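So the sequence lines, in the order shown, correspond to chains S and R. In this text, residue positions in the first sequence follow this note's numbering: the first is 4, and each later residue adds one. In this text, residue positions in the second sequence follow this note's numbering: the first is 4, and each later residue adds one. Every residue, glycine too, gets a C-beta built ideally from N, C-alpha and C. Please read all numbers here as calculations on a predicted model, not as lab measurements.
Protein chains: 2
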Amino acid sequence: MSRSEDGISQVLQARGLNITHPRIALFKLLEEGKPLSVSEIYHELAGEVDRASVYRAINLFVDLGVAHKINLGWKYKIELSDAFVEHHHHFTCAKCHKVIALNEAELESFIDRLARRYKFSATAHQIEIQGLCEKCKKGRVKSGKN
Amino acid sequence: MSRSEDGISQVLQARGLNITHPRIALFKLLEEGKPLSVSEIYHELAGEVDRASVYRAINLFVDLGVAHKINLGWKYKIELSDAFVEHHHHFTCAKCHKVIALNEAELESFIDRLARRYKFSATAHQIEIQGLCEKCKKGRVKSGKN
DNA sequence: AAATAATTGCAAAAGTGTCGCAATTATCTA
DNA sequence: TAGATAATTGCGACACTTTTGCAATTATTT
């Protein structure tokens, strides 16, 4: 393992942490962009990486700010942070599960304005919005339950 | 157990559900206003209420719309719904843990406007914002940990 | 290439969430 | 208010999920 160009190697190196297979494998997986649950991750990495190491790598990434956990529904999933991947907020359709990316800048500035008014300096935030997308709202789409 | 005036008893009664100790105890705990994690709840109720019953009561409350699960950071916590308790959004100061309530109407309308633009109809949302309050931002306030 | 320091995989343990079922408790009825 | 009836609880057992100690392995340093 060498490649000191890619994102994660750089971060690890900068912190004096070893560049190891579990860490690279996790990063590559997350790099595909889709938020993954812990079990999706270690099933994907089965045989390659031990469960315990998956957890350790995930927690390391979170501590390093490389990744963070988000909630879809009410199980969390892991996703790379801004610096390594697109945006963070989206609508999730409760029926068809379509994900609609939100205008990040607008959200940020709204939060900032709000915070400023309360003389609060915001350092982090989580926003999740559930609802129905245009198609599903129009009815016609039957849902098993819910 | 009788008291048919308080919120939860009314709801239970209206649905023909029994008013039982686990349910009352959970409601009282949540009534204090602080969102609690499942384990906080059953540790608090240890000896009084069995783990399984805590889960059953929580799920019942959620089904009834009496409580709902929210995500703080990335573990979910349980909180009573609007009808039974104040508002849902606030700033939380990372140092002194002061909680600043936000202007709910403004938040709601922002979300709605945003959603409308994407032709998405929002039915629920969770927003959490971390940062520092005015005093702590100015420095001077030492924090034990965290 | 050897030394050393960080990390892994494994196995065991702790924690979470669910379920069936007999025992208990709340509510209803007379 | 007692007795019948139906709802609910607590218990024990599972099936995960997540964490930890530790010897073995792997990445870095010299």
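Closer than 7 Å at the beta carbon, the chain S residues around L83 of chain R: By Cβ distance, chain S contributes nothing, its closest Cβ being about 17 Å from L83 of chain R, past 7 Å.
L32 of chain S vs L39 of chain S beta-carbon contact at 8 Å: Cβ distance < 8 Å, so L32 of chain S and L39 of chain S count as in contact.
Own chain residues within Cβ distance below 6 Å of R54 of chain S, not counting five before or after: Beyond the five residues adjoining it in sequence on each side, R54 of chain S comes within less than 6 Å, by CB distance, of Y45 in the same chain, given in chain order.
Short Cβ contact (8 Å threshold) for F87 of chain S with I132 of chain S: No, these two residues do not count as a Cβ contact at 8 Å.
Whole-angstrom C-beta distance between H92 of chain S and I130 of chain S, which should lie under 8 Å: The Cβ separation is near 5 Å, so the contact holds.
When R:A118, R:E111, R:N106, R:I81 are compared against E34 of chain R, the one with the closest alpha-carbon: Nearest option by C-alpha distance: R:I81.
Cβ-based burial, A104 of chain S [other Cβ within 10 Å; buried from 16]: By the 10 Å Cβ count, A104 of chain S comes out exposed.
beta-carbon E34 of chain R near the ligand GDP non-hydrogen atom, thresh 7 Å: As for the ligand GDP, it is missing from this structure, which has no ligand bound.
Beta-carbon contacts of G76 of chain R that lie in its chain and below 6 Å, excluding the five residues immediately before and after: With a pLDDT of 49 at G76 of chain R, under the threshold of 50, the predicted position of this residue should be treated as unreliable, and no value is reported.
Under 8 Å between C-beta atoms of I73 of chain S and L29 of chain S: Taking 8 Å as the cut-off, the beta carbon of I73 of chain S is found no closer than this to the beta carbon of L29 of chain S.
Near-chain R residues of the segment 115-128 of chain S (beta-carbon distance less than 8 Å), N- to C-terminal order: Shown in chain order are the members of the segment 115-128 of chain S whose Cβ falls below 8 Å from a Cβ of chain R: L117, A118, Y121, K122, F123, S124, A125, T126, A127, H128.
Check whether L83 of chain R and V14 of chain R have beta carbons under 8 Å apart: A distance of 8 Å or more separates the beta carbons of L83 of chain R and V14 of chain R.
Cβ-based neighbour list, H128 of chain R, same chain, cut-off 8 Å, excluding 5 preceding and 5 following: Taken in chain order, the residues that qualify are I114.
Residues of its chain near I11 of chain S, where Cβ-Cβ distance is below 6 Å and the 5 sequence neighbours each way are ignored: Excluding residues within five positions, the ones whose Cβ falls inside 6 Å are F30.
Where A118 of chain R falls, given that 16 or more other Cβ within 10 Å makes a residue buried: Buried is the call here.
Short Cβ contact (8 Å threshold) for S153 of chain S with K140 of chain R: Summary: the structure shown does not reach residue 153 of chain S, with chain S confined to residues 4 through 149, and so no result is reported for it.
Nonlocal neighbours in the same chain, by C-beta distance under 7 Å from V65 of chain R, ignoring five residues either side: The answer, listed in chain order, is H71, K72.
Beta-carbon separation (whole angstroms), V57 of chain S vs P25 of chain S, contact threshold 8 Å: With a Cβ gap of about 7 Å, V57 of chain S and P25 of chain S count as contacting.
For F123 of chain S, the first and last residue of its enclosing alpha helix (DSSP H): Note, F123 of chain S: premise wrong, no alpha helix (DSSP H); not H, not E.
Cross-chain neighbours of L33 of chain R in chain S, by beta carbon under 8 Å: Those within 8 Å of L33 of chain R in chain S number zero; the least Cβ separation is about 17 Å.
Three-state class that DSSP yields for I130 of chain S in the structure shown: In the structure shown, I130 of chain S falls within a strand segment according to DSSP collapsed to helix, strand and coil.
Beta carbon proximity, I132 of chain S to chain R, threshold 8 Å: Interface residue, yes.
Where K140 of chain S meets chain R, residues with beta-carbon distance less than 9 Å: The answer, in chain order, is K122, F123, S124.
Closer than 8 Å at the beta carbon, the chain R residues around F113 of chain S: Listed along chain R, the residues sitting closer than 8 Å to F113 of chain S by beta-carbon distance are F113.
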